[in-house]
Structure formats: C-alpha cells, structure tokens
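Peer 1:
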Amino acid sequence: MLILECPYCGVTAEETEFHGGGEAHIKRYGPGSTEEEFNNYLFAKVNPKGVHFERWRHANGCGKWFHAARNTVTLEVYGTYTAQTSDIPQDIKDKVSAKVPGWSWREFE
Amino acid sequence: MSNPVSALQGAAYDGYVKVEELGLRGMITVRGNLASTKLKNAVKAATGAAMPKQRQISIADEGAVAWMSPDELLLLVSYDKVNEVIAAFEEAMAGQHFLAVNVSDARAMFRLSGDKVREVIAKISPVDMAQDEFNTGDFRRTRMAQIPAAFWMADEQTVEIICFRSVADYAYGLLKDAAEPGGEIGIFG
Ligand SMILES: [Zn+2]
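Chains as they are written, first to last, in my numbering: chain A, 62 to 170; chain B, 407 to 595.
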C-alpha cells in the first residue's frame, strides 16, 4: 500500500484514493514523427526495478494529476510534485539520491 | 409543473448513529481563480460565507462554501434560490474567466448524527477521523467504499455527506450497514 501526498490539495492518503496513470515525463510524438518514434511513444515503457517516476491522479479527491517519484522494489515514495513541469524538481532528485546514490531513469539522473 | 424530489425522499435509519437522507439542497459548482477578489466577493454575496481555506468549508446562516480543489468551490444554498444566486453570481463576475453551474439535481446529501459518527466514517473511507486530524471546518473529498463522496463535520456529533445522486441508494445502504447496531467499535472514545 502506497501513501501519497497530493501536491494540489495537500491530502496525504493511501493509494485507493488515487489512480495510477503510468510512466511520467513521456515526450509525445504525433503527426510528423517517424513510425519508430510514434511506436516508442505509445508502447516502449521503461518499467524499471527500483527508482521510477509516475503520473497519478487524485481521482477520489481534488481530481488533479500529479507526479510521484517512488521505488518499485521497496515501495518507498520519495516525493510527489505537480504536473506543471517536464523536468524532475531538484529537491525530488536530492531525496532519491539520498537513498539510491547514482540512480538514473531514462534521460534523468 | 414538475415536483422536484430528492433521491431517497428523506429516508432515515436509526442505527447506532442516525442516518438520514437530506432533502433537496441547492449546489453550485464554481470554477475560477480562487485568489481573485471579484470571485471572493461574488461567493460571499451568494452564500454569506467567506472563502474557505484549502480543504475547509466555510458555513454561514444561509449558505456554505466548500473548497473542492485549487480552482473549484462548491456553493451550498437553498434549493429554490439556485437560479437567482447563479444569475447574480454571473452578473458580479462579468468579464472574468469562470464557470458557475447548477448541480443540485445531480447530488444527494446525507447526515449522520450520534456520538460515534467518526467511526462510521472511518469504516468506509480511507481518512484519519481522529479528533486531532479531522474537525469541524475540515472538508474532505474522498471515497466511501466504491463511490466518490465528500463530507464535513457540522459539529462533533454530526457528519454531513455529499455524493452523486446516481449512487445515493448505494451510499444509503453502505451508511446503514456501517451504522448497524452491534457494529460499534469505540475507537474514538
Ligand atoms: Zn488532491
């Protein structure tokens, strides 16, 4: 059971109040992209064992989408941050680094 | 002329806390910039209540305002005044980017009363109902078992609940079950 904090309404609740929305920080490819880019955008997900970044929605709450940094092995949640960013905030990176030195995830580290 | 009725027409159950479906209540969903002075004034004029803080409900004599999200409020007014309240709200907000819509007939309301209301909620919602975590003035959107719901405590013995009208019957059954005599836990004193 994950405990997540919604960055919009400030509620800290267990995961049944939220809904997972898959991998975070996906760059979207649409018209004009190559078939390979479009295929990778739709289907190629990293699904790591360890540090992971996801999108979540406070479905049974304020309804907002946000980001979560967590660990798929330990189920530890490093932190959550708003959806209005295409980068991982430095304070979240620092929290991950404190527990998993030298981590990397896709193009982020 | 149509004769509006609430979802369960005032059904009530005497469990170890009392469960009542409340009658029709005027409800207006407002979206906009909650920091705007114009919006604050329009909300105050509509309900008599001040802008609530994050996850709070602000209650006045004739109405109430609940904080739903960083850009959403729920105004509670009397059912027969909804249209005039919206008309006045729209006039006050002319030229602003906002939305005010009548959702009264799409919602149902319940009231729990008794000295064990906290534990009845705690049975069905993932919310810490301890006295130092949830109190009068707090407003929480969450779920009750399988449905979305929102509630607040009017006082220490009273919880008021809003859910979608389409699931009013489910909510009533759920609340009755949680309040059934013999199911007392006594965790909140
Ligand atoms: Zn939220």
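We treat Cβ as the ideally placed atom computed from N, Cα and C, and that holds for glycine. Note that the structure is predicted; figures quoted are calculated from it, not measured.
1) If you measure between the beta carbons of A/Ala-129 and A/His-80, is that distance less than 8 Å?
2) What do you reckon, is the C-beta of A/His-80 under 7 Å from a heavy atom of ligand 1?
3) Following the continuous alpha helix (DSSP H) through B/Tyr-576, name the residue where it begins and the one where it ends.
4) Our contact map puts B/Ser-464 next to B/Ala-455 with C-beta atoms below 8 Å; I'd like the distance itself, whole angstroms only.
5) Does the stretch 504 to 518 of chain B come close enough to the stretch 429 to 437 of chain B to have 3 or more Cβ pairs within less than 8 Å?
6) Say the cut is 7 Å; is the CB of A/Val-138 nearer than that to a heavy atom of ligand 1?
7) So B/Ser-519 packs on B/Lys-424, CB below 8 Å; how close in whole Å?
8) In the DSSP assignment, the beta strand (DSSP E) including B/Asp-561 goes from what residue to what residue?
9) Output the residues surrounding ligand 1, defined as those with a CB atom closer than 6 Å to any ligand heavy atom, in chain order.
10) With 16 as the cutoff for other CB atoms within 10 Å, does B/Val-507 come out buried or exposed?
11) Flag B/Met-474 as yes if its beta-carbon sits less than 8 Å from any beta-carbon of chain A, otherwise no.
12) Taking 8 Å as the threshold (C-beta atoms), are A/Ala-74 and B/Pro-554 in contact?
13) Which residues in chain B sit within 8 Å of A/Ala-74, going by Cβ to Cβ distance?
14) With 8 Å as the threshold, decide whether the Cβ of B/Arg-513 is near any Cβ in chain A.
15) To be precise: take each residue of the stretch 67 to 96 of chain A, compare its Cβ to all Cβ atoms of chain B, and keep it if any distance is under 8 Å. Which residues remain?
16) Mind checking A/Ile-64: buried by the 16 CB within 10 Å criterion, or exposed?
17) With a cut-off of 8 Å, does the C-beta of B/Pro-554 fall near any C-beta of chain A?
18) Apart from the five residues on each side of it in sequence, which residues of its chain come closer than 6 Å, Cβ to Cβ, to B/Phe-504?
19) For B/Ala-470, name the three-state secondary structure that DSSP assigns.
20) Answer with yes or no whether the minimum CB distance from B/Gln-537 to chain A is below 8 Å.
21) If you draw a straight line from the C-alpha of B/Lys-529 to the C-alpha of B/Ala-584, how long is it?
22) In terms of residue numbering, what span does the beta strand (DSSP E) encompassing B/Arg-524 cover?
Peer 2: Judging by the given coordinates:
1) Here residue 129 of chain A corresponds to residue number 68 of the first sequence, with the count starting at 1. Here residue 80 of chain A corresponds to residue number 19 of the first sequence, with the count starting at 1. No; because the gap between Cβ atoms is not below 8 Å, this pair is not in contact.
2) Counting from 1 along the first sequence, the entry for residue 80 of chain A is found at position 19. No - ligand 1 has no heavy atom lying nearer than 7 Å to the Cβ of A/His-80.
3) Within the second sequence, residue 576 of chain B is the residue found at index 170, counting from 1. That run of the alpha helix (DSSP H) goes 574 to 584.
4) Position 58 of the second sequence holds residue 464 of chain B. Position 49 of the second sequence holds residue 455 of chain B. The pair is a contact, with the Cβ atoms about 4 Å apart (cut-off 8 Å).
5) yes
6) Residue 138 of chain A sits at position 77 when you count from the first residue of the first sequence. Result no, Cβ not under 7 Å from ligand 1.
7) As a working mapping, residue 519 of chain B is identified with position 113 in the second sequence. As a working mapping, residue 424 of chain B is identified with position 18 in the second sequence. B/Ser-519 to B/Lys-424, Cβ: 5 Å. Contact.
8) Within the second sequence, numbered from 1, the residue matching residue 561 of chain B stands at position 155. From DSSP, the beta strand (DSSP E) with B/Asp-561 extends over 553 to 561.
9) A/Cys-67, A/Tyr-69, A/Cys-70, A/Val-72, A/His-119, A/Gly-122, A/Cys-123, A/Lys-125
10) Here residue 507 of chain B is taken as the residue at index 101 of the second sequence, counted from 1. Exposed.
11) Within the second sequence, numbered from 1, the residue matching residue 474 of chain B stands at position 68. So, interface residue.
12) Within the second sequence, the letter at position 148 stands for residue 554 of chain B. Within the first sequence, the letter at position 13 stands for residue 74 of chain A. Not in contact: B/Pro-554 and A/Ala-74 (Cβ atoms no closer than 8 Å).
13) Mapped onto the first sequence, residue 74 of chain A falls at position 13. Those within 8 Å of A/Ala-74 in chain B are Pro-532, Val-533, Thr-548.
14) For this step, residue 513 of chain B is matched to residue 107 along the second sequence. So, not an interface residue.
15) Tyr-69, Cys-70, Gly-71, Val-72, Ala-74, Glu-75, Thr-77, Glu-78
16) In the first sequence, residue 64 of chain A corresponds to position 3, counting from 1. Result: exposed.
17) On the second sequence, residue 554 of chain B is found 148 positions in, with the first residue counted as 1. By this cut-off, B/Pro-554 is an interface position.
18) The residue you call residue 504 of chain B lines up with position 98 of the second sequence. The answer, listed in chain order, is Gly-438.
19) To locate residue 470 of chain B, count along the second sequence from 1; it is residue 64. Correct three-state label for B/Ala-470: strand.
20) Within the second sequence, the letter at position 131 stands for residue 537 of chain B. It does not: the Cβ of B/Gln-537 has no partner Cβ on chain A nearer than 8 Å.
21) Taking the first residue of the second sequence as 1, we reach residue 529 of chain B at position 123. Taking the first residue of the second sequence as 1, we reach residue 584 of chain B at position 178. So the alpha carbons of these two residues sit roughly 7 Å apart.
22) For the purposes of this step, residue 524 of chain B is taken as residue 118 along the second sequence, with counting starting at 1. Note, B/Arg-524: premise wrong, no beta strand (DSSP E); alpha helix (DSSP H) at 523 to 530.
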